[in-house]
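The next block holds one structure in the form of structure tokens; read it before the comments.
Numbering (this note's numbering), first residue to last: 366 to 769.
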């Protein structure tokens, strides 16, 4: 009986050819957990891919690492690898030669999130210059969220507490699963056209898969193109989505979004009351100031008015009159005194007074007053004037006497 005998190398080569001829093995995607991960100095990455039922060796050569591995893969990561399964002839072992590695599940979504985030940021959609200010006082609040979730209930509770006069308009949207992104876009566009003052887009917390609709590019573009200011409120405080970056304002929760969007009317009422008191105080101060100013103007007008001028002139004339009268009386007293002195002096020189003292006024025959005996000669007529009459006499003798 003849037997076909093959060498070990021939067997390994045969198996290698079988692997190479299998189309599925030439481009296969396998998922599992990373173990025995080693980064070689040459740039190659060696690791084992395993799950609960088995394990397979894997290698990514340095040439594929730059384009095929976009995250720091480490021990325990769950990944999806794409490559070909081949046999290494020398040892007869088979392994997967990896061309691309992606995180499995949330990790993969995270990469997609980061890639879209980077793309939109480079396009300028996150730039603060495009963000609209949120109106301080609104009358209508639009909300895009699920109609039965806790988010809308929280928003309604906060809104009714802060300002019951604000109307909340809900667009019931899908916020998770197939068609959720388009439903959110439809809600944004509807409320933008409807005419509300502010829009809240959001939902409660969840995993990255649950929140993924808010990471879709169509939602980001709908928010960016919206003419109405948008507040995003997706998940909890630690959850961030693409919608948060594009929106005009980000709130950590739906309740916080309602706090930001709806003004507290009690604060406004208190502010108005304070302003009223301030206005009344300022008005009173203004009235008092104008009253004082009016009084000053009135006093000034009185000083400049004809009545005041006439009274002032009357007082001035009266003062002049008093001064004139006083001056005249003083002058009259002085004049009387001087007159008295002059009268006294005149009286001292009066001929009658002299005559009363026994003296006589002597005149010659021609009635010329004679002061010296030299004017007479014997037998001349002489007229003597006495106090009580005149005497005509003749000179019988003339005797000159020095009485000095």
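Cβ coordinates follow ideal geometry from the N, Cα and C atoms, glycine included.
My output table needs one value for residue 499: the three-state DSSP class, helix, strand or coil. Locating residue 499 in the chain shown gives position 134, where the first residue counts as 1. If DSSP states are grouped into helix, strand and coil, residue 499 belongs with coil.
Whether residue 390 touches residue 450 by CB criterion (7 Å): Locating residue 390 in the chain shown gives position 25, counting from the first residue. Locating residue 450 in the chain shown gives position 85, counting from the first residue. Yes. Within cutoff.
Between the region 635–654 and the region 546–555, do three or more beta carbon pairs fall short of 8 Å? no
Whole-angstrom distance between residue 704 and residue 761, CA atom to CA atom: Along the chain shown, read from residue 1 onward, the residue named residue 761 stands at position 396. Along the chain shown, read from residue 1 onward, the residue named residue 704 stands at position 339. One C-alpha to the other measures close to 45 Å.
Work out the CA separation of residue 667 and residue 503 for me, nearest whole Å. As a working note, residue 503 is residue 138 in the chain shown. As a working note, residue 667 is residue 302 in the chain shown. Straight-line Cα distance between these residues: approximately 57 Å.
To the nearest angstrom, how far is it from the Cα of residue 696 to the Cα of residue 690? By one-based count along the chain shown, residue 696 stands at place 331. By one-based count along the chain shown, residue 690 stands at place 325. About 10 Å.
By a C-beta neighbour count over all protein chains shown, 10 Å radius and 16 as the cutoff for buried, is residue 561 buried or exposed? Walking along the chain shown from the start, residue 561 turns up at place 196. Buried is the call here.
Residue from 767, 416, 496 and 409 whose Cα sits closest to the Cα of residue 613: Locating residue 613 in the chain shown gives position 248, where the first residue counts as 1. Answer by Cα proximity: 496.
Identify, in the order they occur along the chain, each residue of the same chain with its Cβ nearer than 8 Å to the Cβ of residue 345, setting aside the five sequence neighbours on each side. What the structure shows of the chain is the stretch from 366 to 769, and residue 345 is not part of that stretch, so it cannot be assessed.
Start and end of the beta strand (DSSP E) containing residue 552? Position 187 of the chain shown, counting from 1, holds the residue named residue 552. No beta strand (DSSP E) contains residue 552, which is instead part of the alpha helix (DSSP H) from 545–559.
If you pair each beta-carbon of the region 617–627 with each one of the region 523–535, do three or more pairs fall below 8 Å? yes
If you draw a straight line from the alpha carbon of residue 411 to that of residue 492, how long is it in whole angstroms? Against the chain shown, residue 411 aligns to sequence position 46. Against the chain shown, residue 492 aligns to sequence position 127. One C-alpha to the other measures close to 42 Å.
Do residue 552 and residue 600 have their beta-carbon atoms positioned less than 7 Å apart in this structure? As a first step, residue 600 must be located in the chain shown, where it is residue number 235. As a first step, residue 552 must be located in the chain shown, where it is residue number 187. No, the pair does not count as a contact, with Cβ atoms beyond the cut-off.
Report buried or exposed for residue 420, applying the criterion of at least 16 other Cβ atoms within 10 angstroms of its Cβ. Working through the chain shown from its first residue, we reach residue 420 at position 55. Exposed is the call here.
With C-beta atoms as the reference, is residue 567 less than 7 Å away from residue 598? Within the chain shown, the letter at position 202 stands for residue 567. Within the chain shown, the letter at position 233 stands for residue 598. In contact: residue 567 and residue 598 (Cβ atoms closer than 7 Å).
Tell me where the beta strand (DSSP E) around residue 645 begins and ends. Position 280 of the chain shown, counted from the start, is the residue given in the question as residue 645. Not the beta strand (DSSP E): residue 645 falls in the alpha helix (DSSP H), residues 630–669.
Am I right that residue 622 and residue 520 are in contact with their C-beta atoms under 8 Å? What's the rounded C-beta distance? Here residue 622 refers to the residue found at position 257 of the chain shown. Here residue 520 refers to the residue found at position 155 of the chain shown. Contact holds; Cβ gap of about 7 Å.
Assigned exposure category for residue 603 - 16 Cβ within 10 Å defines buried: Numbered from 1 along the chain shown, position 238 holds the residue referred to as residue 603. It counts as exposed.
Inspect the CB distances between the region 456–470 and the region 422–430 and report whether three or more fall short of 8 Å. yes
Can you give the Cα-Cα distance for residue 487 and residue 636, rounded to whole angstroms? As a working note, residue 487 is residue 122 in the chain shown. As a working note, residue 636 is residue 271 in the chain shown. Whole-angstrom Cα-Cα distance: 43 Å.
For the alpha helix (DSSP H) holding residue 720, just list the boundary residues, first then last. As a first step, residue 720 is located in the chain shown; it is residue number 355 there, counting from the start. Per DSSP, residue 720 belongs to the alpha helix (DSSP H) from 716–721.
I'd like to confirm the pairing. Which residues does DSSP put opposite residue 582 in its beta bridges? Within the chain shown, numbered from 1, the residue matching residue 582 stands at position 217. For residue 582, which the question treats as bridged, DSSP gives no partner whatsoever.
So, are the CB atoms of residue 446 and residue 399 less than 7 Å apart? In the chain shown, the residue the question calls residue 446 occupies position 81. In the chain shown, the residue the question calls residue 399 occupies position 34. No.
Using DSSP's beta-bridge definition, name the partner residues of residue 462. Reading the chain shown from its first residue, position 97 is the one you call residue 462. According to DSSP, which records beta bridges pairwise, residue 462 is partnered with 424 and 449.
Buried versus exposed call for residue 577 [16 or more other C-beta atoms within 10 Å across all chains shown]: The residue you call residue 577 lines up with position 212 of the chain shown. Per the 10 Å Cβ criterion, buried.
Reduced DSSP secondary structure (H/G/I, E/B, other) of residue 504: Counted from its first residue, the chain shown places residue 504 at position 139. In this structure, residue 504 counts as coil in the three-state DSSP scheme.
Tell me where the beta strand (DSSP E) around residue 758 begins and ends. Taking the chain shown and counting its residues from 1, one reaches residue 758 at position 393. Note, residue 758: beta strand (DSSP E), 754–759.
Out of 558, 452, 682 and 418, which has the shortest C-alpha to C-alpha gap to residue 775? Here the chain has residues from 366 to 769 only, and residue 775 is not among them.
Go ahead and pull the three-state DSSP assignment for residue 682. Here the question's residue 682 lines up with position 317 in the chain shown. Looking at residue 682 - three-state DSSP - the assignment turns out to be helix.
Backbone CA spacing between residue 374 and residue 382 [nearest angstrom]: The residue given as residue 374 occupies position 9 in the chain shown. The residue given as residue 382 occupies position 17 in the chain shown. Roughly 12 Å between the two C-alpha positions.
Start and end residues, alpha helix (DSSP H) containing residue 568: As a position in the chain shown, residue 568 is number 203, starting the count at 1. Residue 568 -> not in any alpha helix (DSSP H); beta strand (DSSP E) instead, spanning 563–568.
In the DSSP assignment, what are the bridge partners of residue 419? Sequence index remark: in the chain shown, residue 419 carries index 54 (1-based). The partner list for residue 419 (beta bridge, DSSP) reads 416.
Just to confirm before moving on: does the CB-CB distance between residue 469 and residue 444 stay below 7 Å? Here residue 469 is taken as the residue at index 104 of the chain shown, counted from 1. Here residue 444 is taken as the residue at index 79 of the chain shown, counted from 1. It is a contact, given that the beta carbons lie within the stated cut-off.
In the DSSP output, which residue or residues are listed as bridge partners for residue 598? The residue you call residue 598 lines up with position 233 of the chain shown. Per DSSP, 567.
Residues bridged to residue 532 (per DSSP): Here residue 532 refers to the residue found at position 167 of the chain shown. DSSP lists 505 as partners of residue 532.
If you measure between the beta carbons of residue 632 and residue 592, is that distance less than 7 Å? The residue labelled residue 632 in the question sits at position 267 within the chain shown. The residue labelled residue 592 in the question sits at position 227 within the chain shown. No, the pair does not count as a contact, with Cβ atoms beyond the cut-off.
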